[in-house]
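Peer 1:
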Amino acid sequence: MATSDYLDPTFFIDSDSPIIQQKAIDLQSQSADAVDLSISIFNFVRDTIKYKINMSYYAGPDDFKASATLKRKEGFCIPKSILLAALYRSCKIPSRLHFADIINHRSPDYLVKLMGTNVFYFHGYAEVFLNDQWYKLTPSFETELCLKHDFPICTFNGSNDATFPSKDLQDRPFIEYLKDRGVFADLPFSEMVTTFQGYYSGHF
Numbered sequence: 048m049a050t051s052d053y054l055d056p057t058f059f060i061d062s063d064s065p066i067i068q069q070k071a072i073d074l075q076s077q078s079a080d081a082v083d084l085s086i087s088i089f090n091f092v093r094d095t096i097k098y099k100i101n102m103s104y105y106a107g108p109d110d111f112k113a114s115a116t117l118k119r120k121e122g123f124c125i126p127k128s129i130l131l132a133a134l135y136r137s138c139k140i141p142s143r144l145h146f147a148d149i150i151n152h153r154s155p156d157y158l159v160k161l162m163g164t165n166v167f168y169f170h171g172y173a174e175v176f177l178n179d180q181w182y183k184l185t186p187s188f189e190t191e192l193c194l195k196h197d198f199p200i201c202t203f204n205g206s207n208d209a210t211f212p213s214k215d216l217q218d219r220p221f222i223e224y225l226k227d228r229g230v231f232a233d234l235p236f237s238e239m240v241t242t243f244q245g246y247y248s249g250h251f
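If you're matching positions, the sequence shown starts at 48 in the working numbering and goes up one per residue.
1. Within this structure, are the beta carbons of aspartate 94 and glutamate 189 separated by less than 9 Å?
2. Return the first residue and the last residue of the beta strand (DSSP E) that asparagine 151 is part of.
3. Contact between the stretch 186 to 205 and the stretch 121 to 128: three or more CB pairs below 8 Å?
4. Just to confirm my understanding: we take glutamate 223, look at its own chain, exclude 5 residues before and 5 after, and list those with CB closer than 7 Å. What are they?
5. Locate the beta strand (DSSP E) running through alanine 173, then write down its first and last residues.
6. Measure how close the beta-carbons of valine 230 and histidine 145 come, nearest whole angstrom, since I'm counting them as under 8 Å.
7. From aspartate 11 to glutamine 68, what distance separates their C-alpha atoms?
8. In angstroms with no decimal places, state the Cα-to-Cα distance between aspartate 83 and serine 248.
9. Closer than 6 Å by C-beta to phenylalanine 123: which residues in its own chain qualify, once you throw out the five before and the five after it? Chain order, please.
10. Where arginine 143 and glycine 245 are concerned, what is the direct C-alpha to C-alpha distance, given to the nearest angstrom?
11. DSSP puts phenylalanine 231 in a beta bridge; with which residues?
12. Start and end of the alpha helix (DSSP H) containing leucine 184?
13. Mind reading off the beta-carbon distance from lysine 70 to leucine 161? Whole number of angstroms is fine, and I expect it under 8 Å.
14. Going by DSSP in three states, glycine 205 sits in which element: helix, strand or coil?
15. Considering Cα atoms alone, identify which of Lys118, Phe243, Leu234 is closest to threonine 164.
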């Protein structure tokens, strides 16, 4: 796909939503240039939208829209990445979604028990196109959460990938990447649901 294909609003990346557009305007007003804006958008989604897995919030496709996550002010990796992509597109910065299966070796016991595994199938993050290059960005864990658990903070400076590393701040195993599911212009909802039902049956 051409870079321009990652600028248009989609069902889930509803960058034309009034609430998304207003937040984009707010962030643009505080930014000096496109790189500064891209950093501000990433920091906003990472830290203002709190990481929380609560599948009761997600009764149907509409609940995964970027606008829904912005209103809710919390979400897990997929909704936060969708919101990140929407804010970029609303500012005319190309963005897309990337999915992978990962192991989180620092998952809390209650979550491992709930999911039946420490494998996160269909882990989501975003990519942004700046200065003729795609950068991978993981907005999942807010700074406060990272400091509490000794997780490395995913930090974006406008010219680097900001994804989960293999070790935490105490040099313990952190994130292990198992399978790359590729990049998408929008959330492949049916594929995600089928994957969740196959691996997390009875939980989601």
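Think of the CB as a built atom: it goes at the ideal place given N, C-alpha and C, for glycine as much as any other residue.
Peer 2: Let me lay it out:
1. Note that the C-beta distance between aspartate 94 and glutamate 189 is below 9 Å.
2. Counted as a single uninterrupted DSSP element, the beta strand (DSSP E) harbouring asparagine 151 occupies residues 142 to 151.
3. Using a C-beta cut-off of 8 Å, the stretch 186 to 205 makes contact with the stretch 121 to 128, since at least three inter-stretch Cβ pairs fall below that distance.
4. Excluding sequence positions up to five before and after glutamate 223, its CB lies within less than 7 Å of the CB of Ile149, Ile150, His152, Ser213, all in the same chain and listed in chain order.
5. Element bounds for alanine 173: 166 to 177.
6. Under the criterion of beta carbons closer than 8 Å, valine 230 and histidine 145 qualify as touching, at roughly 5 Å.
7. Since the first residue shown for the chain is 48 and the last is 251, residue 11 is missing from the structure and cannot be characterised.
8. Going by the C-alpha atoms only, they are around 42 Å apart.
9. In its chain, beyond the 5 residues on either side, Ile100 have a beta carbon closer than 6 Å to the beta carbon of phenylalanine 123.
10. For arginine 143 and glycine 245, the distance between alpha carbons rounds to 25 Å.
11. The partner list for phenylalanine 231 (beta bridge, DSSP) reads Leu144.
12. Element bounds for leucine 184: not the alpha helix (DSSP H) but the beta strand (DSSP E), 180 to 184.
13. In fact, because the Cβ distance is near 31 Å, the residues do not count as touching under 8 Å.
14. Three-state DSSP puts glycine 205 in coil, outside helix and strand.
15. Closest in alpha carbon position to threonine 164, among Lys118, Phe243, Leu234, is Phe243.
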